[in-house]
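Chains as they are written, first to last, in the working numbering: chain A, 1 to 414; chain B, 1 to 288.
C-beta atoms are modelled at their ideal positions from N, C-alpha and C, and glycine is treated no differently.
Note that this is a predicted model, so its numbers are computed, not measured.
Before any comments, here is the structure.
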Amino acid sequence: MENFTMASVRSTANRGRRAVSLWMAAVAAVSVFGVQTAHAQEVIKFGAPLPITGPLAPEALKQKQGYDLWANQVNLAGGINVAGKKMKVEIVYIDYQSNTPRAVQATERLITQDNVQFVFAPFGSGAAKAASTVAERYGVPMIAATASSSQVYDQGYKFLFGTFTPNDTLTNPLTTIIRQRLPDVKKVAILARNDLFPLAIAQEMEKSSKERGLEVVYFEKFAINTLDHSSALAQIKAANPQWIFATGYTNDLVLMRKQMTDQRIEAPVVTMIAAPAYQEFIDAAGKGAENITSAAWWHPAVRYKGIDIFGTTESYVKLFKDTYKVDPDYANASASVSGALFQIAIEKSGTINRQKVRDELAKMDVTTFWGQVKFGPNGQITSLEPPIFQIQNAKPIVVHPAGIKQGDLRIGVK
Amino acid sequence: MLALQVLTNGLVLGCLYACIAAGFSLVWGVLNVINIMHGGFIVAGSYLAWLAYSSMGIDPWFTLLIAAPLFFGIGYLIQRGILNRVIAAPVLVTLTLTFGMDLILNNGMLLAFSADYRKLILSPPLGSFLLAGIVVPVDRLLAMVLALGLTFALYLILRHSRIGRAIIAVRMDRDASLLMGVDIKIIYAVAFGLGAAMAGCAGVLLALIFPISPLSAGAYLGKAFVVCVLGGLGSVPGAILGGLFLGVTESIGAVVFGPEHSVTLSFSLLIVFLILRPQGILGKKGYE
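Okay, here's the thing in structure tokens:
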């Protein structure tokens, strides 16, 4: 329309043709508007800014799989029940190219131009924190499927909710178990990717370790895009720790594990967060993955009977596996449950009014395939007990909590 | 002992950097083309090695024999068919063109292999050995030796073969070599082909060391840039020196300033060199 108008202004000849064009454009605009109105009555639009290209692309894919699975299930069932009327779900994706400022722009575009009713946060703590400001400004409920750092939720926002518990819910049980099982473990070395989540969880680990009488003999950060960890690892080796705790994403930790083997670095306990939860880490690290411990917010082995569209954890895992031919990991499941939570809140409130759906989310206390979901006053989930697992025979085996344990903790990483 | 280990790590890493940068330096120096696709070629080489090993059991050492002519051919055709059309245009035009082709290459690899990280794991693994208390990983050492060998081979081609001399002649004075009867278009295509072959071979070797993903292309390109500026454009020995200098500086820097600053350090070096010695360590004369 804008292009047409500009072209018309520039044109001085052939006024007749211009009038016809104007009329046609007006008809087109009305018909598009009409379609959108009809469309909006049938469909609830959800916005999902994701890093579909760039370094975070693998993470985006996991989230997209989770959202799509939920949307497909809802639409297969006829839609979300809004006060007796079934409304289908449409997810509008925008690729923000792993670039946080673009994630903020994408969120704004989804709300103001694509007219989505609700939004999912972009990937990770950093981008979620940045984009939550936009959602808050427009009063749009936002669920963050992959943001755990408390800094995301300490902004006093009312419209932001997150499905990951704070980072210390991973590091506290981990350090407690290791202290109980291996009283000889006294020295810990921590190497963290200098990025919001990996660094935040490393700092939590430092705190948890010190609280339990462990000595942190090495704590360093490495830059994003680091191609070599040999110097840091040589220093760690010289410090002779019994526990090596490394954080980063798949690329970082596969490379680091390989270089640890190269440099003959061994320790009774090696913990890596967040990659070992993903099958691609296990495949890429090969034998090096054996006995690596990790923790995550969810694991296919947990057993919950949910009131959400997926029902039990088993049925979610089966559905995911049937659809994508791989086991779901916590990032997939968190994305799916985020959609399911919106659905529960909409169905309970019987409306798609943003404020009412937000209020419903705030007072929510339900069991889902993901676990118990209850958000704290800052919007972050408080009700989960994240599992600790270890790679044993190329499979992640849950070693804690006792209720869902699949095996015992093994000692020694070579 | 720690100091020696760090120095060894730095030297080995430096040779890998040299290998990453040699072809890039040649293309930039001779053609005045900043080949943004270089990182993509390296990743494509890594995928070739991974595919050959995982599906046919071909060792990466043999894959090199396939990669070199294959990537030479691809590079030759790209230069002959596409880049030669805009070669006389300002450097920004060729840069934009290779940038565009890099996007295509990258997205093609994303489609073909997805963004998941892969790793070529040799069975049995090559392991490492102890030399006077210093651990030396065998795969890195072999990659280093081969990288040096490849770079030396490139040096020999440029120095002693007829086509190599023609490449250098074109680099020294394009117009004069044209007058001497050198077919510039073929020379350009050969130089670009050699650059692509170096990148492909580097990729094969790096598949043993780094996780493989289309997303790594940018990181390789970044290192190639720094090594070229440090070593001097178009100079093969310069690429080796620049690579070693960068590898050792990063390794020592990671210990002294902490690993988070090793990338900052390499780009700080780039800025210092651009201000104080823009021609690089060996870039002054510029003739091999």
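Short Cβ contact (8 angstroms threshold) for residue i with residue j
{"i": "I388 of chain A", "j": "G162 of chain A", "result": "no"}
{"i": "G260 of chain B", "j": "N194 of chain A", "result": "For clarity, residue 260 of chain B is Glu in the given sequence; the question names Gly instead. Going by C-beta atoms, E260 of chain B is nearer than 8 angstroms to N194 of chain A."}
{"i": "E206 of chain A", "j": "I190 of chain A", "result": "yes"}
{"i": "G133 of chain B", "j": "M1 of chain B", "result": "yes"}
{"i": "L361 of chain A", "j": "A345 of chain A", "result": "yes"}
{"i": "I273 of chain A", "j": "I201 of chain A", "result": "yes"}
{"i": "Q259 of chain A", "j": "S230 of chain A", "result": "yes"}
{"i": "K221 of chain A", "j": "G258 of chain B", "result": "yes"}
{"i": "S213 of chain B", "j": "D262 of chain A", "result": "no"}
{"i": "A232 of chain A", "j": "A254 of chain B", "result": "yes"}
{"i": "T98 of chain B", "j": "V33 of chain B", "result": "yes"}
{"i": "A143 of chain B", "j": "L246 of chain B", "result": "no"}
{"i": "V136 of chain B", "j": "T8 of chain B", "result": "yes"}
{"i": "L146 of chain B", "j": "L205 of chain B", "result": "yes"}
{"i": "S208 of chain A", "j": "D168 of chain A", "result": "yes"}
{"i": "G238 of chain B", "j": "S54 of chain B", "result": "no"}
{"i": "I209 of chain B", "j": "R140 of chain B", "result": "yes"}
{"i": "V74 of chain A", "j": "V92 of chain A", "result": "no"}
{"i": "G47 of chain A", "j": "V119 of chain A", "result": "yes"}
{"i": "L409 of chain A", "j": "R181 of chain A", "result": "yes"}
{"i": "I87 of chain B", "j": "L31 of chain B", "result": "yes"}
Buried/exposed call for residue i, threshold 16 Cβ in 10 Å
{"i": "T247 of chain A", "result": "buried"}
{"i": "Q113 of chain A", "result": "exposed"}
{"i": "R162 of chain B", "result": "exposed"}
{"i": "G412 of chain A", "result": "exposed"}
{"i": "L4 of chain B", "result": "exposed"}
{"i": "T264 of chain B", "result": "exposed"}
{"i": "W50 of chain B", "result": "buried"}
{"i": "S216 of chain B", "result": "buried"}
{"i": "L131 of chain B", "result": "exposed"}
{"i": "A219 of chain B", "result": "buried"}
{"i": "D154 of chain A", "result": "exposed"}
{"i": "A77 of chain A", "result": "exposed"}
{"i": "R85 of chain B", "result": "exposed"}
{"i": "N45 of chain A", "result": "Sequence check: residue 45 of chain A is Lys here, not Asn. K45 of chain A is buried by the Cβ-count criterion."}
{"i": "N437 of chain A", "result": "Beyond the ends of chain A as shown, which are 1 and 414, falls residue 437 of chain A; an answer cannot be given."}
{"i": "P90 of chain B", "result": "exposed"}
{"i": "A121 of chain A", "result": "buried"}
{"i": "P124 of chain B", "result": "exposed"}
{"i": "M109 of chain B", "result": "buried"}
Simplified DSSP state of residue i, which is helix, strand or coil
{"i": "P137 of chain B", "result": "strand"}
{"i": "D184 of chain A", "result": "coil"}
{"i": "R171 of chain B", "result": "helix"}
{"i": "L126 of chain B", "result": "coil"}
{"i": "L227 of chain A", "result": "coil"}
{"i": "L280 of chain B", "result": "A quick correction: the sequence has Gly, not Leu, at residue 280 of chain B. Coil."}
{"i": "T8 of chain B", "result": "helix"}
{"i": "V398 of chain A", "result": "strand"}
{"i": "F222 of chain A", "result": "strand"}
{"i": "V35 of chain A", "result": "Low per-residue confidence applies at V35 of chain A: pLDDT is 39, beneath 50, and the placement is therefore not dependable, though the value from the model is reported in the following sentence. Note: V35 of chain A maps to helix in three-state DSSP."}
{"i": "R165 of chain B", "result": "helix"}
{"i": "P49 of chain A", "result": "strand"}
{"i": "M1 of chain B", "result": "coil"}
{"i": "E206 of chain A", "result": "helix"}
{"i": "W298 of chain A", "result": "coil"}
*asked:* Whether or not the stretch 143–163 of chain B and the stretch 194–212 of chain B are in contact is what I'm after, with contact meaning three or more pairs of Cβ atoms, one per stretch, closer than 8 angstroms; do they touch?
replied: yes
*asked:* My parser needs the alpha helix (DSSP H) runs of 4 or more residues fully inside the stretch 26–72 of chain B; what are they?
replied: 38–56
*For the stretch 245–276 of chain A, which segments carrying the alpha helix (DSSP H) assignment without a break, of at least 4 residues, lie completely within its bounds, in sequence order?*
250–262
*Kindly provide the ranges of any alpha helix (DSSP H) runs that are 4 or more residues long and lie completely inside the stretch 310–395 of chain A, ordered along the chain.*
313–324, 330–349 and 354–362
*Kindly confirm or deny that the stretch 384–404 of chain A and the stretch 240–255 of chain A touch, where touching means at least three C-beta pairs closer than 8 angstroms.*
no
*asked:* Which complete beta strand (DSSP E) runs does the stretch 136–175 of chain A hold, if anything under 3 residues is left out?
replied: 142–144 and 160–162
*Any contact of the stretch 284–301 of chain A with the stretch 106–124 of chain B, i.e. 3+ C-beta pairs under 8 angstroms?*
yes
*With a cut-off of 8 angstroms, do at least 3 Cβ pairs link the stretch 131–140 of chain A to the stretch 52–70 of chain A?*
no
*Would you check if there are 3 or more beta carbon pairs closer than 8 angstroms linking the stretch 103–110 of chain B to the stretch 198–206 of chain B?*
no
*Does the pairing of the stretch 42–57 of chain A with the stretch 321–328 of chain A give three or more beta-carbon distances under 8 angstroms?*
no
*Taking three-plus beta-carbon pairs below 8 angstroms as touching, is the stretch 349–369 of chain A in contact with the stretch 98–105 of chain A?*
no
*Identify every run of the beta strand (DSSP E) within the stretch 197–275 of chain B, keeping only runs that are complete inside it and at least 3 residues long; order them along the chain.*
none
*asked:* For the stretch 163–176 of chain B against the stretch 37–46 of chain B, do three or more pairs of beta-carbon atoms, one drawn from each stretch, fall closer than 8 angstroms, so that the two count as touching?
replied: no
*Three-pair Cβ contact test at 8 angstroms for the stretch 223–240 of chain B versus the stretch 53–65 of chain B*: no
*asked:* Tell me whether the stretch 351–358 of chain A and the stretch 326–336 of chain A touch, counting them as touching only if at least three CB pairs, one residue from each stretch, are closer than 8 angstroms.
replied: no
*Kindly provide the ranges of any alpha helix (DSSP H) runs that are 4 or more residues long and lie completely inside the stretch 98–142 of chain A, ordered along the chain.*
100–112 and 124–138
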